[in-house]
Amino acid sequence: MIQRVRTRFAPSPTGFLHVGSIRTALFDWLFTRHNGGAFILRIEDTDATRKVGGAVGAILDDLRWLGLDWDEGPEVGGKYGPYIQSQRLEMYREATRRLVAQGAAYNCYCSQERLEVLRAEQIKNKRPPGYDRRCRNLAEAERAQKEKEGITPVVRLKTPLEGQTTVHDIIWGDVVFKNSIIEDLVLLKSDGYPTYHLANVVDDHDMQITHVIRAEEWMSSTPCHILLYNALGYEIPKFAHLPMLLGKDRSKLGKRHGSVSILQFRELGYLPETMINFLALLGWSLDDKTEVMTCEDLVKNFSLERVSKTAAIFDHEKLKWMNGVYIRKLSHDDFARQSLPFLEKGLPNEVKRPLSISYVRQVLPLVQERARLLMEVPELTEYFFTDQLNYDSQLLLGKDMTAELTVWALRVAKERLEKQVSFDAASLELMLRPLAGELKLKAGQLFGALRTAVSGRTATPPLFQMMAVLGKECTLARIDDALRRLAGM
RNA sequence: GGCGCAUUCGUCUAGCGGCCUAGGACGCGUCCCUCUCAAGGACGAGACCACCGGUUCGAAUCCGGUAUGCGCUACCA
61 MIQRVRTRFA
71 PSPTGFLHVG
81 SIRTALFDWL
91 FTRHNGGAFI
101 LRIEDTDATR
111 KVGGAVGAIL
121 DDLRWLGLDW
131 DEGPEVGGKY
141 GPYIQSQRLE
151 MYREATRRLV
161 AQGAAYNCYC
171 SQERLEVLRA
181 EQIKNKRPPG
191 YDRRCRNLAE
201 AERAQKEKEG
211 ITPVVRLKTP
221 LEGQTTVHDI
231 IWGDVVFKNS
241 IIEDLVLLKS
251 DGYPTYHLAN
261 VVDDHDMQIT
271 HVIRAEEWMS
281 STPCHILLYN
291 ALGYEIPKFA
301 HLPMLLGKDR
311 SKLGKRHGSV
321 SILQFRELGY
331 LPETMINFLA
341 LLGWSLDDKT
351 EVMTCEDLVK
361 NFSLERVSKT
371 AAIFDHEKLK
381 WMNGVYIRKL
391 SHDDFARQSL
401 PFLEKGLPNE
411 VKRPLSISYV
421 RQVLPLVQER
431 ARLLMEVPEL
441 TEYFFTDQLN
451 YDSQLLLGKD
461 MTAELTVWAL
471 RVAKERLEKQ
481 VSFDAASLEL
491 MLRPLAGELK
501 LKAGQLFGAL
511 RTAVSGRTAT
521 PPLFQMMAVL
531 GKECTLARID
541 DALRRLAGM
């Protein structure tokens with residue numbers, strides 16, 4: 061029987077989840093869902109010094125927002141728990157004891173100061189930096205002496221001095237490492253916590269992970285992990301290392317590249333489906349043309365074989381474009397619901413809160429295809445909500461239009477509008493379009509003046525729809541205001 | 001410095017020996033549509049497939065070297 065796929069996403073709670081980590085989580089998740097496997101979330105909080113309060117909750121929120129659900133892990137439990145490494149310390153210590161007992165690992169009493177001096181000297185002499193294995197073959201008496209001095213040792217893996225270790229990677233193929241360059245890495249730190257390497261191997265085994273899918277930066281330590289699996293007598297999982305995500309300057313994506321935390325994207329008004337789709341395309345592709353895909357499509361088509369090996373630069377421009385695509389795909393209801401918080405927050409203070417939902421529902425369809433970020437919605441719709449328009453009166457004067465001509469056109473339009481009974485877009489167009497001809501004006505000249513009068517802007521949604529939403533009273537008042545402005549010019 | 005990996009339009013990518021005078025997308029430009037802005041449509045500019053050799057009747061695709069970039073080289077993950 062074929063083993064059921066089990067993968068895990070194992071973030072450290074050292075701060076916000078950034079898009080690189082999310083991409084890793086996404087590929088893990090897509091692969092798992094594609095194969096009908098189990099996706100496990102594990103919190104790797106083994107660095108007590110870097111732990112950030114509240115980070116775990118934030119990670120969970122972000123994953124939930126994106127729809128990356130986990131089958132085992134914090135809050136949902138599972139039979140291989142606990143899923144937080146700081147609660148599994150005894151298991152790592154037990155593994156360490158076993159390794160030391162069988163001679164595969166040893167206590168190292170070297171101080172961090174000594175290691176630093178050693179490294180500095182090695183670098184100075186242009187030698188490869190690394191631990192010199194001083195404690196590897198300590199005599200029993202020497203060890204007893206160190207213990208008596210009260211030094212708490214770290215435990216290091218005794219790696220083979222010769223031979224080679226091959227990593228079979230689904231994405232990279234076979235990569236061979238000489239054992240001689242593999243260090244005696246620390247397994248258990250002096251504070252009793254395991255290092256990533258130990259905790260990872262022990263947990264992946266205990267949780268029966270079948271596929272270790274993680275970022276490329278782990279490639280180099282994978283041979284060590286294999287050695288560890290072997291020493292512990294564990295079966296080796298399959299590995300797949302994902303290419304890195306880079307910033308515009310080709311360096312590892314980080315804070316200085318602008319928004320990188322998934323929360324920031326959320327606050328800017330990116331949709332989760334955009335993030336999923338876009339991130340899926342960074343290092344993976346379906347074919348030579350398909351780009352916009354639903355999450356279901358991605359699950360259906362995802363395969364590690366089509367993941368590339370080259371690092372990708374995160375392009376905000378394309379992300380924005382794609383978000384526009386997804387915003388346009390939203391139903392009017394969804395768009396309104398999702399925009400509402402942005403409006404409440406982004407509209408000027410003088411606008412009365414709470415906003416009228418029914419009015420918001422009328423306004424938003426007019427800007428849906430014009431927004432690329434939800435955050436742009438308040439700015440795009442502001443004049444629908446404010447009482448007083450603020451604009452440069454010069455804008456009232458369109459191309460080839462004098463102030464006199466504009467006043468005249470607006471007056472006539474106003475008179476007709478006052479008599480207008482049905483104030484819907486179609487009726488308004490039926491009335492106003494012929495009026496332009498009647499006044500011997502181009503449609504653009506009449507409509508342009510009205511557009512500015514009614515919105516204070518030169519770029520807006522279609523005039524008649526806008527007037528219909530604004531309503532008769534407001535439309536007329538704004539035309540009056542425009543006429544007053546023109547009188548003062 | 002050492003080890004590993006990578007290198008196709010500015011960017012994301014297709015390509016796995018002949019279909020490639022290299023395809024798609026973002027961005028950019030022009031035009032169409034049009035009451036403006038978007039959206040949509042059409043067209044275009046943009047890649048000597050990093051470079052140099054080799055294998056082959058034939059190479060972006062295979063091999064070797066060089067260059068460049070990236071990752072790792074912590075009692076961080």
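Under my numbering, the first residue of the first sequence is numbered 61, with each subsequent residue one higher.
Backbone N, C-alpha and C fix where the C-beta goes; we use that ideal spot for every residue, glycine too.
Output needed for residue i: all residues of its chain with C-beta closer than 7 Å, excluding positions within five of it in sequence on either side, in chain order.
{"i": "LEU499", "result": "ALA469, VAL472 and LEU506"}
{"i": "ALA85", "result": "PHE69, LEU123 and LEU128"}
Less than 8 Å between the C-beta atoms of residue i and residue j, yes or no?
{"i": "ALA486", "j": "LEU546", "result": "no"}
{"i": "LEU247", "j": "THR156", "result": "yes"}
{"i": "GLU442", "j": "LEU407", "result": "yes"}
{"i": "ILE336", "j": "THR67", "result": "no"}
{"i": "THR334", "j": "MET382", "result": "yes"}
{"i": "ALA275", "j": "LEU364", "result": "no"}
{"i": "PRO297", "j": "THR255", "result": "no"}
{"i": "ASN239", "j": "THR226", "result": "no"}
{"i": "ALA165", "j": "ARG216", "result": "yes"}
{"i": "LEU434", "j": "GLN480", "result": "no"}
{"i": "ALA528", "j": "ASP460", "result": "no"}
{"i": "GLY133", "j": "ARG102", "result": "yes"}
{"i": "LEU456", "j": "THR535", "result": "no"}
{"i": "MET151", "j": "VAL262", "result": "yes"}
{"i": "LEU159", "j": "GLY252", "result": "no"}
{"i": "PHE444", "j": "VAL467", "result": "no"}
{"i": "ALA396", "j": "ARG421", "result": "yes"}
{"i": "ILE100", "j": "ASP121", "result": "no"}
{"i": "ILE242", "j": "THR219", "result": "yes"}
{"i": "PRO303", "j": "LYS389", "result": "no"}
{"i": "HIS257", "j": "LEU288", "result": "yes"}
Among residues of its own chain, excluding the 5 on either side of residue i, which ones have a beta-carbon nearer than 6 Å to its beta-carbon?
{"i": "LEU22", "result": "Here the chain covers residues 61 to 549 and nothing more, so residue 22 does not appear."}
{"i": "SER321", "result": "PHE76 and HIS78"}
{"i": "VAL367", "result": "ILE231, GLY343 and TRP344"}
{"i": "TYR80", "result": "Here residue 80 is Gly; the residue named in the question, Tyr, does not match the sequence. Taken in chain order, the residues that qualify are LEU305 and LEU313."}
{"i": "PHE374", "result": "LEU305 and LEU313"}
{"i": "GLY210", "result": "none"}
{"i": "GLN525", "result": "LEU426 and ALA485"}
Mapping the DSSP letters down to three states, classify residue i as helix, strand or coil.
{"i": "ASN409", "result": "coil"}
{"i": "TRP344", "result": "strand"}
{"i": "ALA542", "result": "helix"}
{"i": "GLY33", "result": "Outside the displayed range of the chain (61 to 549) lies residue 33, so it cannot be described from this structure."}
{"i": "GLU209", "result": "coil"}
{"i": "LEU433", "result": "coil"}
{"i": "ALA473", "result": "helix"}
{"i": "GLY137", "result": "strand"}
{"i": "VAL481", "result": "coil"}
{"i": "GLU243", "result": "coil"}
{"i": "VAL385", "result": "helix"}
{"i": "LEU248", "result": "strand"}
{"i": "VAL112", "result": "coil"}
{"i": "ALA371", "result": "coil"}
{"i": "SER453", "result": "helix"}
{"i": "ILE144", "result": "strand"}
{"i": "SER363", "result": "coil"}
{"i": "SER321", "result": "strand"}
Who does residue i pair with in a DSSP beta bridge?
{"i": "CYS168", "result": "VAL214"}
{"i": "ASP229", "result": "GLY233 and PHE299"}
{"i": "LYS312", "result": "LEU306"}
{"i": "ARG274", "result": "HIS301"}
{"i": "LEU101", "result": "PHE69"}
{"i": "LYS238", "result": "GLN224"}
{"i": "MET514", "result": "Inspection of the sequence shows that residue 514 is occupied by Val rather than by Met. The partner list for VAL514 (beta bridge, DSSP) is empty, contrary to what the question assumes."}
{"i": "PRO254", "result": "LEU248"}
{"i": "GLU132", "result": "ILE100"}
To which residues of the same chain is residue i closer than 8 Å at the C-beta, ignoring the five residues directly before and after it?
{"i": "PRO438", "result": "PHE402, LEU403, LYS405, GLY406 and LEU407"}
{"i": "GLN454", "result": "none"}
{"i": "ASN290", "result": "ILE296"}
{"i": "ALA496", "result": "LYS502, ALA503, GLN505, LEU506 and PHE507"}
Taking one C-beta from the segment 229–239 and one from the segment 273–287 each time, how about it: are there three or more such pairs within less than 8 Å? yes
Flag this pair as touching only if the segment 314–329 and the segment 184–196 have three or more C-beta atom pairs under 8 Å; answer yes or no. no
Inspect the CB distances between the segment 321–338 and the segment 121–140 and report whether three or more fall short of 8 Å. yes
Sufficient close CB pairs (3 or more, under 8 Å) joining the segment 334–352 to the segment 91–107: no
Would you call the segment 162–178 and the segment 194–203 touching, i.e. three or more CB-CB distances under 8 Å? yes
Three or more C-beta pairs closer than 8 Å, one from the segment 85–102 and one from the segment 286–295: is that the case here? no
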